[in-house]
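Below is one structure, written out as structure tokens; comments come after it.
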Amino acid sequence: MKIKSAKVIVTCPGRNFVTLKIETDQGVYGIGDATLNGRELSVVSYLEDHVIPCLIGMDPQRIEDIWQYLYRGAYWRRGPVTMRAIAAVDMALWDIKAKMAGMPLYQLLGGRSRDGVMVYGHANGSDIAETVEAVGHYIDMGYKAIRAQTGVPGIKDAYGVGRGKLYYEPADAALPSVTGWDTRKALNYVPKLFEELRKTYGFDHHLLHDGHHRYTPQEAANLGKMLEPYQLFWLEDCTPAENQEAFKLVRQHTVTPLAVGEIFNTIWDCKDLIQNQLIDYIRTTVVGAGGLTHLRRIADLASLYQVRTGCHGATDLSPVTMGCALHFDSWVPNFGIQEYMRHTEETDAVFPHDYHFDAGLMYCGETPGHGVDIDEALAAKYPYKPAYLPVARLEDGTMWNW
């Protein structure tokens with residue numbers, strides 16, 4: 053078997069997605085996700101100019117060798133563009149191999165470790181009252197875990213407050229929009245949200261919160277300490293992770309569980325945090341970390357230190373990544389939770405899939421492969437639209453972490 057052709061499909065059914073389709077000379081094809089929110093065309097160029105020409109004629113069954121070829125063979129390696137391109141190839145090759153075997157992907161990974169995958173949804177509001185109501189809506193839908201974000205008085209367009217009740221898409225303009233931030237206002241307000249949530253709904257449901265890299269280590273430690281009475285499932289991205297030593301300070305001052313990793317690209321980004329047991333959940337994704345081949349290595353390292361997985365699953369990852377993630381989640385022994393932001397009906401139509409949600413759990417299907425396809429004719433009806441993620445500035449105009 054040889055790879056006969058490969059092509060990139062860009063579509064925008066409400067937001068942009070980059071999909072790689074690999075076809076073999078035996079008529080079997082696989083698809084992978086290469087979406088990089090706000091930088092889609094960079095990945096398209098890398099795939100078309102540097103990756104696809106190398107794939108033609110290769111044996112698609114040699115997944116490991118092709119992964120090493122694309123990673124070790126690139127002297128300028130790592131980084132979000134390179135690793136998303138590799139991830140797209142890897143997902144497509146696993147899809148092909150599972151289809152050849154006539155098995156759902158999780159079977160090739162080693163079979164199920166669990167029947168269903170616990171997921172968390174996103175509840176948000178312009179203020180505490182709206183967020184409390186939104187959390188109740190997710191509870192009514194059957195969610196066992198909910199991420200809660202609120203607008204903060206005096207902060208323009210606070211992070212995590214979406215447009216609509218179920219869908220959140222931050223990439224909102226052809227050039228970056230400007231949002232605001234004020235750490236003191238957030239520290240004074242966010243704990244009140246969780247106090248009200250526990251007062252209203254008790255402690256039966258898991259609650260999560262995302263700091264989105266906004267806090268210094270001391271501020272993050274302070275927030276984690278203030279949130280301890282409310283028993284969060286985790287505090288996510290509490291401080292920028294470029295300086296991983298910073299998590300030592302946070303860890304010393306709070307027992308609130310910590311999660312990080314959605315912007316990590318390789319095991320090297322995760323290594324020190326995991327080995328030093330500075331986090332409780334690693335959030336690297338199938339598309340962000342070079343595909344299933346590499347994500348399995350990260351999970352295995354994490355398992356040695358009782359760190360569990362909590363893969364990023366926002367709508368900037370296509371249903372292809374979600375399908376692969378659910379097969380991975382069904383297999384991985386040290387599973388923690390899976391983020392699940394619902395795609396729009398238009399996106400679901402472009403990417404028909406066999407996974408489904410029921411009573412707080414997601415289930416991957418039994419279709420051979422990863423269970424997600426692409427309707428190319430429908431995809432062509434949604435042309436690419438330039439869309440950037442926002443930026444954030446403090447009240448005095450200083451650039452901050454979005």
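Take the position in the sequence shown, starting the count at 1, then add 52; the result is the number in the working numbering. All C-beta atoms, glycine included, are put in the ideal place defined by N, C-alpha and C. Predicted model, so just to flag it, every value in this text is computed and none were measured.
For this session: Go ahead and pull the three-state DSSP assignment for residue 455.
Result: Beyond the ends of the chain as shown, which are 53 and 454, falls residue 455; an answer cannot be given.
For this session: Have a look at the DSSP bridge pairing and note the partners of residue 92.
Result: According to DSSP, residue 92 bridges with nothing at all.
For this session: Run the CB neighbour count on residue 304, radius 10 Å, all protein chains shown included, and call it buried at 16 or more, exposed below.
Result: exposed
Exercise. With distances taken between CB atoms, is the gap from residue 261 to residue 227 smaller than 8 Å?
Worked result: no
Exercise. For residue 418, which option in 441, 151, 250 has the closest C-alpha, if you only look at C-alpha atoms?
Worked result: 151
Exercise. Do the CB positions of residue 350 and residue 61 come within less than 8 Å of each other?
Worked result: no
Problem set entry | Endpoints, beta strand (DSSP E) assigned at residue 409 | Start and end: 408–410.
For this session: Could you tell me whether the Cβ atoms of residue 375 and residue 408 are closer together than 8 Å?
Result: no
For this session: Using DSSP bridges, identify the partner residues of residue 452.
Result: 444
Problem set entry | Outcome for residue 438 when other beta-carbon atoms lying within 10 angstroms are tallied against a minimum of 16 | exposed
Exercise. Does DSSP put residue 57 in a helix, in a strand, or in coil?
Worked result: strand
Exercise. Applying the criterion that 16 or more other CB atoms from any shown protein chain within 10 Å of the CB defines a buried residue, is residue 149 buried or exposed?
Worked result: buried
Exercise. What distance in whole Å lies between the Cβ atoms of residue 205 and residue 251, which are believed to be in contact at a cut-off of 8 Å?
Worked result: Between residue 205 and residue 251 the Cβ distance is about 20 Å, and since that is not below 8 Å, they are no contact.
Problem set entry | Assigned exposure category for residue 255 - 16 Cβ within 10 Å defines buried | Classification of residue 255: exposed, given that the 10 Å Cβ count is below 16.
Problem set entry | Close Cβ partners of residue 105 (< 7 Å) along its chain, the five nearest in sequence each way excluded | Excluding positions up to five away in sequence, the list is empty.
For this session: Have a look at residue 275 and residue 412 and give me their C-alpha separation to the nearest angstrom.
Result: 28 Å
Exercise. Residue ranges of each alpha helix (DSSP H) run of no fewer than 4 residues wholly in the region 225–286, ordered along the chain?
Worked result: 235–253, 269–279
Problem set entry | residue 299 versus residue 91: straight-line alpha-carbon distance, rounded | 29 Å
Problem set entry | DSSP three-state assignment for residue 186, whether helix, strand or coil | helix
Exercise. From which residue to which residue does the beta strand (DSSP E) around residue 69 run?
Worked result: 69–76
Exercise. What is the DSSP secondary structure of residue 305, reduced to helix, strand or coil?
Worked result: helix
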